[in-house]
Amino acid sequence: MVSSSRAAEGKCETSCVDWYGNTRPIFLRDRVFALMGSEIVEVSLASGRVNEQHRILLEK
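Residues are numbered in the working numbering as their position in the sequence shown, beginning at 1, plus a constant of 4.
Structure representation (C-alpha coordinates):
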(Lines of atoms letter the chains of each structure in order from A and count residues from 1; the text may use other names and numbers.)
(Lines give C-alpha, C1' and ligand atoms only; values in the text may rest on other atoms or scores of the structure.)
Protein backbone atom coordinates (compact mmCIF):
# COMPACT_ATOMS: atom_id res chain seq x y z
CA MET A 1 0.00 0.00 0.00
CA VAL A 2 1.05 3.57 -0.58
CA SER A 3 0.51 6.16 2.12
CA SER A 4 -1.87 8.96 1.20
CA SER A 5 0.95 11.52 1.32
CA ARG A 6 3.09 9.46 -1.07
CA ALA A 7 0.10 8.81 -3.34
CA ALA A 8 -0.68 12.53 -3.44
CA GLU A 9 2.91 13.19 -4.50
CA GLY A 10 2.58 10.66 -7.32
CA LYS A 11 5.34 8.40 -6.02
CA CYS A 12 5.17 4.62 -6.39
CA GLU A 13 6.03 2.33 -3.52
CA THR A 14 7.73 0.00 -5.99
CA SER A 15 8.64 0.62 -9.62
CA CYS A 16 5.95 2.60 -11.45
CA VAL A 17 7.16 1.09 -14.73
CA ASP A 18 6.35 -2.43 -13.50
CA TRP A 19 2.69 -1.45 -13.00
CA TYR A 20 2.01 1.43 -15.37
CA GLY A 21 4.58 0.80 -18.10
CA ASN A 22 2.78 -2.19 -19.61
CA THR A 23 -0.78 -0.98 -18.93
CA ARG A 24 -2.94 0.76 -21.51
CA PRO A 25 -6.17 2.33 -20.26
CA ILE A 26 -9.28 2.11 -22.43
CA PHE A 27 -12.22 4.39 -21.68
CA LEU A 28 -15.48 3.30 -23.32
CA ARG A 29 -18.53 5.36 -22.39
CA ASP A 30 -18.91 4.84 -18.63
CA ARG A 31 -16.62 1.78 -18.50
CA VAL A 32 -12.87 1.60 -17.82
CA PHE A 33 -10.61 -1.20 -19.01
CA ALA A 34 -6.90 -1.81 -18.64
CA LEU A 35 -4.98 -3.79 -21.24
CA MET A 36 -2.04 -5.35 -19.39
CA GLY A 37 0.09 -7.54 -21.60
CA SER A 38 -2.08 -10.58 -22.33
CA GLU A 39 -4.89 -9.62 -19.93
CA ILE A 40 -7.74 -7.16 -20.10
CA VAL A 41 -9.29 -6.00 -16.83
CA GLU A 42 -12.51 -4.07 -16.33
CA VAL A 43 -12.39 -1.78 -13.33
CA SER A 44 -14.78 0.56 -11.58
CA LEU A 45 -13.99 3.79 -9.80
CA ALA A 46 -15.66 4.36 -6.44
CA SER A 47 -14.73 6.49 -3.44
CA GLY A 48 -11.36 7.35 -4.95
CA ARG A 49 -10.43 3.68 -5.41
CA VAL A 50 -10.03 1.43 -8.43
CA ASN A 51 -11.86 -1.88 -8.02
CA GLU A 52 -11.39 -4.88 -10.31
CA GLN A 53 -14.68 -6.13 -11.78
CA HIS A 54 -13.62 -8.70 -14.38
CA ARG A 55 -10.36 -10.12 -15.71
CA ILE A 56 -9.82 -12.03 -18.95
CA LEU A 57 -6.62 -13.74 -20.08
CA LEU A 58 -6.16 -13.30 -23.82
CA GLU A 59 -4.46 -16.39 -25.23
CA LYS A 60 -3.20 -17.12 -28.72
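Idealized CB from N, CA, C, for every residue including glycine. Bear in mind that the values here come from a model prediction, so they are computed numbers and not experimental data.
In this structure, the CA atom of A50 is about 33 Å from the CA atom of K64. Distance from F37 to E46 at the Cβ level is roughly 5 Å; contact confirmed, criterion being Cβ atoms closer than 8 Å. Nearest in C-alpha terms to R33, of all of L62, S48 and N26, is S48. Going by DSSP, R33 is part of no beta strand (DSSP E) at all; its letter is neither H nor E. For L62 and L39, the gap between their C-alpha atoms comes out near 10 Å. Around H58, the same chain offers V45 and E46 as residues with beta carbons nearer than 8 Å, after the five sequence neighbours per side are excluded.
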